[in-house]
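Each residue of the sequence shown is one higher than the one before, starting from 45 at the first, in our numbering.
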Amino acid sequence: MPGPADEPTASQADPVEGVLFDIDDTLVDLEQAMGHVLQAIPDPALSHLGDDDWVRYKALYTTDPQRHYDRFLAGELTFEEQRVHRVRHARAGFTPEPFLGRVAEAWVRDYEQLLPQHFRAYDDVVPLLDALEARGIPYGAVSNNVHDYQRAKLDRAGLQRIGVLVGIDTVGVAKPDPAIYREGARLIGAAPSRTLYVGDNRLVDAVGARDAGLIGVWLDRTGAGRDRGVDSGTGAATGAEGVPEVPCIAGLAAVLQFLPSVR
Ligand SMILES: [Mg+2]
45 MPGPADEPTA SQADPVEGVL FDIDDTLVDL EQAMGHVLQA IPDPALSHLG DDDWVRYKAL
105 YTTDPQRHYD RFLAGELTFE EQRVHRVRHA RAGFTPEPFL GRVAEAWVRD YEQLLPQHFR
165 AYDDVVPLLD ALEARGIPYG AVSNNVHDYQ RAKLDRAGLQ RIGVLVGIDT VGVAKPDPAI
225 YREGARLIGA APSRTLYVGD NRLVDAVGAR DAGLIGVWLD RTGAGRDRGV DSGTGAATGA
285 EGVPEVPCIA GLAAVLQFLP SVR
């Protein structure tokens, strides 16, 4: 007989029908891939860097404090241009050598050639997708990059099975515009209010999806509360007063806790 401990939980009352994922640094370890490649590209102007310098150099590039990627999303820079601006900024902290002309062209060529070789899915991705399939829960990806580039990235990372992929060119908007999350829900055939959206950026992924009517979940793999959307924009600490609360998980296995129990 059901007792007080068996009160329906939110997930039982309103079961999750589908799961959507961010791609970069959620399914695919892009930060690791970038780090490998930044250090692998031959660059005599950086030959004096020590280990700590490389850590800071990579962080300058990956965290993109000048928000060049946002300028790409706004249509102000091409994808390649945002890369060049980011590496130029990172480089400027370590060398007076200019990053222009043939030096920049060669760097871009090397970067584009090397980066895809390092696209890897996190270890917890495949087990979760297996579990979703076992439960008959459809899934897909919604990303703030163009479809074809992200399709190739998923395939390269061994995630061909993710058939639904919404990019910024799919709907003509980027996260946190509600339309892009909702298109993902539509394509997997789930009601937005019963669709999880899981991503590593607290604001753009979890809060944005929640504001679009989905169930936004913040994946904080490092537990460091790292969130570019909060930190670099306003300087406010993650979870500061006025920043809306969203569910937070430390790994993808925890997605299962949001799903109806298997009977
Ligand atoms: Mg991400």
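Note that the Cβ used here is the ideal one computed from N, Cα and C, for glycine as well. Computed from a predicted model, the values in this text were never measured in an experiment.
Taking residue i and residue j to be in contact with their CB atoms under 8 Å, please state how far apart those CB atoms are, rounded to whole angstroms.
i, j, result
"Val208", "Gly184", "3 Å"
"Val242", "Leu258", "Contact flag wrong, Cβ pair sits at about 10 Å."
How far does the alpha helix (DSSP H) with residue i in it reach, from first residue to last?
i, result
"Thr107", "Asp95 to Thr107"
"Thr214", "Ile212 to Val215"
"Ala84", "Leu74 to Ala84"
"Tyr166", "Element bounds for Tyr166: n/a, residue is neither H nor E."
"Ile232", "Pro222 to Ile232"
"Leu117", "His112 to Leu117"
"Gly145", "Gly145 to Leu158"
Give every residue of the same chain whose Cβ lies closer than 8 Å to the Cβ of residue i, excluding the five residues on either side of it in the sequence, and list them in chain order.
i, result
"Ile85", "Trp151, Asp154, Tyr155 and Leu158"
Within 10 angstroms of the Cβ of residue i, are there 16 or more other Cβ atoms? Answer buried if so, exposed if not.
i, result
"Ser237", "exposed"
"Gly260", "buried"
"Ala256", "buried"
"Gln194", "buried"
"Gly62", "buried"
"Glu141", "exposed"
"Ser187", "buried"
Have a look at residue i and residue j and give me their C-alpha separation to the nearest angstrom.
i, j, result
"Ala329", "Leu303", "The requested residue 329 does not occur in the structure, where the chain is confined to residues 45 to 307."
"Leu71", "Tyr166", "6 Å"
"Gly273", "Thr107", "Residue placement at Gly273 cannot be trusted, given a pLDDT of 43 that sits under 50; the coordinates are not used to answer."
"Arg100", "Ala134", "9 Å"
"Trp98", "Ile293", "29 Å"
"Gln204", "Leu198", "6 Å"
"Gly233", "Pro182", "8 Å"
"Ala281", "Thr266", "At Ala281, the pLDDT of 40 sits below 50, so the modelled position is not reliable and the matter cannot be decided from this model."
"Asp66", "Arg179", "21 Å"
Could you name the residues of the same chain whose beta carbon sits closer than 6 Å to that of residue i, not counting the 5 residues immediately before and after it, in chain order?
i, result
"Gly252", "Lys219 and Pro220"
"Pro291", "Val261"
How would you write the range of the beta strand (DSSP E) that residue i sits in, first residue to last?
i, result
"Phe65", "Gly62 to Phe65"
"Val248", "Premise fails: Val248 is in no beta strand (DSSP E) and is neither H nor E."
"Leu198", "Segment His191 to Arg200 is the alpha helix (DSSP H) holding Leu198; no beta strand (DSSP E) there."
"Ala134", "Here Ala134 belongs to no beta strand (DSSP E); instead the alpha helix (DSSP H) covers Phe123 to Ala136."
"Ala185", "Tyr183 to Val186"
"Ile259", "Ile259 to Leu263"
Leaving out the 5 sequence neighbours to the left and right, which residues in its chain are closer than 7 Å to residue i when beta-carbon positions are compared?
i, result
"Tyr105", "Met78, Leu82, Arg130, Val131 and Ala134"
"Phe123", "Phe116"
"Asn189", "Gly211 and Ile212"
"Glu75", "Asp69 and Thr106"
"Phe163", "Val72, Ala77, Lys197, Arg200 and Ala201"
"Arg254", "Gly260 and Val290"
"Gln301", "none"
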